[in-house]
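Enquirer:
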Amino acid sequence: MDLPKTYEPKEVEGKIYKLWEESGFFNPDKLPKTHKKPFTIVIPPPNVTGELHMGHALNSVIQDTIIRFKRMQGFKTLWLPGTDHAGIATQNVVEKKLRKEGKSRFDLGREKFIEEIWAWKNKYGDIILNQLKKLGCSLDWSRTRFTMDQGYSEAVKEAFLHYYKKGWLYKGKRVVSWCPRCQTSLSDLELEYEEEKGKLWYIKYLLADDKNKFITVATTRPETMLGDTAVAVNPKDKRFKGLIGKKLILPLVNKEIPVVTDDLIDVNFGTGALKVTPAHDFVDYEIGQRHKLEIVQVIDEKGKMINVPEKYSGLRILETREKVVADLQEQGYLEKIEEYQHQIPKCYRCHTTVESIPSLQWFLNMKELAKIAGKPVKDGKIKFHPASFKKPYLDWLSNIKDWCVSRQIWWGHKIPLEGENDVLDTWFSSALWPFATLGWPEKTKDLKTFYPTSVLTTARDILNLWVTRMIFSGMEFMRKIPFEDVIIHATVLTRDGKRMSKSLGTGINPMDLIEKYGADATRFGLSFQIMGGQDIKFVEDNILMGKKFCNKIWNASRFVLQKTGNTPLLINKPKDKDLTSADKKILKTLEKIVESTTKDIKAFNFGKAAHKLYDFFWHDFCDVYIEKFKTQSSGAKSQKVILYTLLTSLKLLHPFIPFITEEIYQQLPVKNRKKSLMVEKWPSYVKTSEGKPKS
RNA sequence: GGACGAUUAGCUCAGUUGGUAGAGCGUCUCGUUUACAUCGAGAAGGCCGCAGGUUCGAGUCCUGCAUCGUCCACCA
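Following our numbering, the numbering of the first sequence begins with -4 at its first residue and continues without gaps.
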């Protein structure tokens, strides 16, 4: 019956996780029959690009806490695991690996390269799932999914064809963001803007019929002037009044282009005149469409010049820029150069400067889908936590563009139409996650039982990338919201408030923390810091605190076990009369902590719950009650009280620190002990009246 | 350029509807009391970012400013 003097997480965690798996309770179908009402969370599938980081750990801890809480409350809980193929991202890491071996994906060829990625996926997919086990996550492994497993591919196909038949998917040549390194189109959301020092070049365009007059345009991309097909000014701008409709001579190319007007032109920027390159800029493209301007593509998919005077043909962008500037200077067209700081779009995966080029791509019309995605949020059927995310969510939808869903990479779902070689944006499949994982498009029992899911927890930065798309997909294909509550959790930052990044070496590996402090300590330390959506500047102090707390729980339990011996005791609340005043007090305080913990977890206030539990256990129970128990115990009655208080505390703590609570539970002398603390009944409390008057 | 959030003890953070500032870690003092030295008892340490305003009273409400962060945006 004696517990070892100190708690050794390493010895306990593996053993306990095995016990849980063998109990079958991770699987809702194997829970006791009393668990009837379904409660579902589908894990945000980690990318198979690599190992889990602190963000994943935080997210998983939140989900496991909720699931364990709900399971103890008697729900038929399903927490479904899985991983995401993560198109461009995974392709890139595998390409990087190949590059180290001196190879490129083109050396291997498409088929071999994809085999290579599958090998990577198998390796890292397994690592990820094992890491989740180390964290103590109570996921139903029998339902593990991958966004490219067979059934899932069927779902993607079905969804694509559904939109296609509806006429919402269309193919068109549009200016898209293009990564010349990844050789693929990117959606707006896949761009990252970086501040860069650049220059603003002022170039003179002479009037065709009067070489003494000219318009000066300002540009940060002089090389694109080779593809100019107009100059645009604001219709209200008096400076250009007599010039509208006239022709200008495009320098270096020597071709006539018109002066047009457009409301988009900012009178105050540069010279008030914009050189219009419809092929290589979104705004210019729009202006071009309005004025039916010619689209001259001068930059190709590899970032080289085409359709330009011979001396520039085939050059790279930056080389061309130098040459063009030099030539303009020499020929007297360059008026001046200014220093200029601006935001440059970069590929979010490889950080190459992204080009805008016209390209034939598949687009999903967002007009109706944006409305569909907005409605349940507006109506309050889907709630964001914190609620402040509702506004930016709806704002973004009101200004949305059609979604470019095709990608020119090799790793992903092929477009399910004859003669199409491209693959789909990775988010096209992620969008189906809450129901495709449950078997859709088949009408499975799981789908019927577990959809809609209950809670989604996710990081802030994929709110638009992912959450929006799951909502409209859920509404479109299932006619029901995919989840009710969206928890947008904190970003885990470094101590200095910077983003954790593997490449910068500022990342902390959650597995190292588990190794050093134990899984429970790591979990509790994280939970302790979850205050609303407030970002977390990670410090190890909290994990250390978690470790000390576990030790405290362990030793308090040792004490209780020593005092209560081997006699099986009731687990019901002691109702004896003549309890000591300390007995009465701890039972009263316990009742309060049961109530507050229940309420705090329900409201997703994990940090608050953790703080209160810590204070209760350490101070009320250990410092005060146990000390009094040593001198004022009333024998058997007090023994019941101390055992009951410990057992109830373990139940309350279990969602946060599952391993140690289970280990102790397994040794407690209680009647009718369940196979696992996981399925012990969550403590109930007598509801107190709200809003007590202040004294 | 817009939106949102942050600014409280050396560090990381709590502070519910306005009523004399709290925790963990760190520091200092004392303590080998029948669970725990990963402990116990106690202490030091804060003009609660700045400037105004409302109020009997403001860390808490209002206005402005500063710094930092995140997201969004077609200023070439």
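Even for Gly, the Cβ is constructed at its ideal location relative to N, Cα and C.
All figures in this text were calculated on a predicted structure; none of them were measured in a lab.
According to the Cβ coordinates, are residue 646 and residue 622 closer than 8 Å?
Expert: Within the first sequence, the letter at position 651 stands for residue 646. Within the first sequence, the letter at position 627 stands for residue 622. In this structure, residue 622 does not lie closer than 8 Å to residue 646 by Cβ.
Enquirer: Considering only residues of the same chain and omitting the five flanking positions on each side of residue 434, which have a CB-CB separation below 6 Å?
Expert: As a first step, residue 434 is located in the first sequence; it is residue number 439 there, counting from the start. Closer than 6 Å at Cβ, skipping near neighbours: 441, 442.
Enquirer: Counting C-beta neighbours from all protein chains within 10 Å, is the total for residue 374 16 or more, i.e. buried, or is it exposed?
Expert: The sequence position of residue 374 within the first sequence is 379, counting from 1. Burial is judged here by how many other beta carbons sit within 10 angstroms of a residue's own beta carbon; residue 374 has fewer than 16 and is exposed.
Enquirer: Classify residue 347: buried if its beta carbon has 16 or more other beta carbons within 10 angstroms, exposed otherwise.
Expert: The sequence position of residue 347 within the first sequence is 352, counting from 1. Exposed, by the Cβ-count rule.
Enquirer: Is residue 476 near residue 447, with beta carbons less than 8 Å apart?
Expert: As a working mapping, residue 476 is identified with position 481 in the first sequence. As a working mapping, residue 447 is identified with position 452 in the first sequence. Contact flag set, yes.
Enquirer: Looking only at its own chain, which residues have a Cβ that is under 6 Å from the Cβ of residue 4, when we skip the five neighbours before and after it?
Expert: The residue given as residue 4 occupies position 9 in the first sequence. Counting only Cβ-Cβ distances below 6 Å, and skipping sequence neighbours, we find 513.
Enquirer: Can you have a look at residue 697 and say buried or exposed, based on whether 16 or more other CB atoms are within 10 angstroms of its CB?
Expert: Limits of the chain in this structure are -4 at one end and 690 at the other, which puts residue 697 out of reach.
Enquirer: What does residue 559 pair with, by DSSP beta-bridge criteria?
Expert: Position 564 of the first sequence, counted from the first residue, corresponds to residue 559. In DSSP, residue 559 forms no bridge with anything.
Enquirer: Considering only residues of the same chain and omitting the five flanking positions on each side of residue 654, which have a CB-CB separation below 8 Å?
Expert: Indexing the first sequence from 1 puts residue 654 at position 659. For residue 654, where only same-chain residues beyond five positions count, the Cβ hits under 8 Å are 4, 7, 8, 11, 12, 131, 513, 514, 515.
Enquirer: On the three-pair Cβ rule with 8 Å, is the segment 453 to 470 touching the segment 422 to 431?
Expert: yes
Enquirer: Going along the chain, which residues of its own chain have a beta-carbon closer than 6 Å to the beta-carbon of residue 678, five neighbours each way excluded?
Expert: The residue you call residue 678 lines up with position 683 of the first sequence. Cβ neighbours of residue 678 beyond the five flanking positions: 589, 643, 646.
Enquirer: Suppose the cutoff is 7 Å on Cβ atoms and the five residues either side in sequence are ignored; what does the same chain contact list for residue 599 look like?
Expert: Within the first sequence, numbered from 1, the residue matching residue 599 stands at position 604. So the qualifying residues of the chain are 380, 482.
Enquirer: State buried or exposed for residue 58, treating a residue as buried only when at least 16 other CB atoms are found within 10 Å of its CB.
Expert: Within the first sequence, numbered from 1, the residue matching residue 58 stands at position 63. Flag for residue 58 reads buried.
Enquirer: Could you pull the DSSP bridge partners for residue 294 from this structure?
Expert: Locating residue 294 in the first sequence gives position 299, where the first residue counts as 1. Residue 294 is bridged to 300.
Enquirer: So the candidates are 486, 469, 485; which of them puts its Cα closest to the Cα of residue 479?
Expert: The residue labelled residue 479 in the question sits at position 484 within the first sequence. With distances taken between Cα atoms, residue 479 lies closest to 469.
Enquirer: Which same chain residues, not among the five before or five after residue 140, have their C-beta less than 6 Å away from its C-beta?
Expert: Numbered from its first residue, the first sequence carries residue 140 at position 145. So the qualifying residues of the chain are 77, 432.
Enquirer: Scan the segment 332 to 408 and note each continuous alpha helix (DSSP H) run of 4 residues or more that stays entirely inside, going in chain order.
Expert: The segment 332 to 408 contains, as complete alpha helix (DSSP H) runs of 4+ residues, the segments 362 to 373, 385 to 393 (chain order).
Enquirer: Do you know offhand how far residue 160's Cα is from residue 357's?
Expert: Translated into the one-based positions of the first sequence, residue 160 becomes position 165. Translated into the one-based positions of the first sequence, residue 357 becomes position 362. Rounded to the nearest angstrom, the two C-alpha atoms are 14 Å apart.
Enquirer: Taking the C-alpha atoms as reference points, what is the distance between residue 26 and residue 35?
Expert: As a working mapping, residue 26 is identified with position 31 in the first sequence. As a working mapping, residue 35 is identified with position 40 in the first sequence. Each residue's Cα considered, the two are about 14 Å apart.
Enquirer: Does the Cβ-Cβ distance between residue 493 and residue 332 come in under 8 Å?
Expert: Counting from 1 along the first sequence, the entry for residue 493 is found at position 498. Counting from 1 along the first sequence, the entry for residue 332 is found at position 337. In this structure, residue 332 does not lie closer than 8 Å to residue 493 by Cβ.
Enquirer: CA-CA distance, residue 251 and residue 349?
Expert: Within the first sequence, numbered from 1, the residue matching residue 251 stands at position 256. Within the first sequence, numbered from 1, the residue matching residue 349 stands at position 354. Rounded to the nearest angstrom, the two C-alpha atoms are 29 Å apart.
Enquirer: Residues bridged to residue 79 by DSSP?
Expert: Within the first sequence, the letter at position 84 stands for residue 79. According to DSSP, which records beta bridges pairwise, residue 79 is partnered with 42.
Enquirer: Answer yes or no: do residue 245 and residue 223 have a C-beta to C-beta separation smaller than 8 Å?
Expert: Looking up residue 245 in the first sequence gives position 250. Looking up residue 223 in the first sequence gives position 228. In contact: residue 245 and residue 223 (Cβ atoms closer than 8 Å).
Enquirer: Which whole-angstrom value is the C-beta distance of residue 552 and residue 14, which I expect to be below 8 Å?
Expert: Your numbering for residue 552 matches position 557 in the first sequence. Your numbering for residue 14 matches position 19 in the first sequence. Between residue 14 and residue 552 the Cβ distance is about 18 Å, and since that is not below 8 Å, they are no contact.
Enquirer: Rounded to whole angstroms, what is the Cα-Cα separation between residue 413 and residue 80?
Expert: The sequence position of residue 413 within the first sequence is 418, counting from 1. The sequence position of residue 80 within the first sequence is 85, counting from 1. Going by the C-alpha atoms only, they are around 23 Å apart.
Enquirer: Count Cβ pairs between the segment 544 to 558 and the segment 606 to 613 that sit closer than 8 Å; are there 3 or more?
Expert: yes
Enquirer: Looking only at C-alpha atoms, which of 560, 619, 635 sits nearest to residue 570?
Expert: Residue 570 sits at position 575 when you count from the first residue of the first sequence. Of the listed residues, the one whose Cα sits closest to residue 570 is 635.
Enquirer: Between which residues of its own chain and residue 502 is the CB-CB distance below 8 Å, once the five residues before and five after are set aside?
Expert: Numbered from 1 along the first sequence, position 507 holds the residue referred to as residue 502. Answer for residue 502: 48, 49, 495, 496, listed in chain order.
Enquirer: Taking only the alpha-carbon atoms, compute the straight-line gap between residue 261 and residue 437 and give it to the nearest angstrom.
Expert: Locating residue 261 in the first sequence gives position 266, where the first residue counts as 1. Locating residue 437 in the first sequence gives position 442, where the first residue counts as 1. Distance between the alpha carbons of residue 261 and residue 437 is about 53 Å.
Enquirer: Any idea what DSSP makes of residue 51, helix, strand or coil?
Expert: Indexing the first sequence from 1 puts residue 51 at position 56. Residue state, collapsed to three classes: helix.
Enquirer: Closer than 8 Å is the cut-off here; do at least three beta carbon pairs connect the segment 52 to 71 with the segment 88 to 98?
Expert: Cβ pair count under 8 Å is below three, so no.
Enquirer: For residue 603, does the count of other Cβ atoms within 10 angstroms reach 16, so buried, or fall short, so exposed?
Expert: For the purposes of this step, residue 603 is taken as the residue at position 608 of the first sequence. Burial call: buried.
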